[in-house]
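Numbering (the numbering used here), first residue to last: 175 to 254.
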């Protein structure tokens, strides 16, 4: 599983610095706003989002992340 927030990888070298910067920004925002009761979250979707277009990229449905699953997790984050 690729997670450019923590570990760069040769396949993701072009996006790893930006993902690391977003993670750092989220941590800084947490330090600034956490004491006010404001939650800060950096969401990284570790896969390809399932859609008609992305289904054409592969015949394997494994690894495709359903939009419903993503929405459910965002709802969980919101309800914290």
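For glycine and all other residues, C-beta sits at the position ideal for the given N, C-alpha and C.
- Your pair residue 240 and residue 224 checks out as a contact, with CB atoms roughly 5 Å apart and the cut at 8 Å.
- DSSP, reduced to helix, strand and coil, places residue 223 within a strand of the structure shown.
- Annotation: the continuous alpha helix (DSSP H) that includes residue 207 extends over 190-207.
- With respect to the C-alpha of residue 212, the residue from 221, 200, 243, 190 having the closest C-alpha is 200.
- An exposed status is given to residue 234, since fewer than 16 other beta-carbon atoms sit within 10 Å of its beta-carbon.
- Rounded to the nearest whole angstrom, the C-alpha separation of residue 186 and residue 210 is 35 Å.
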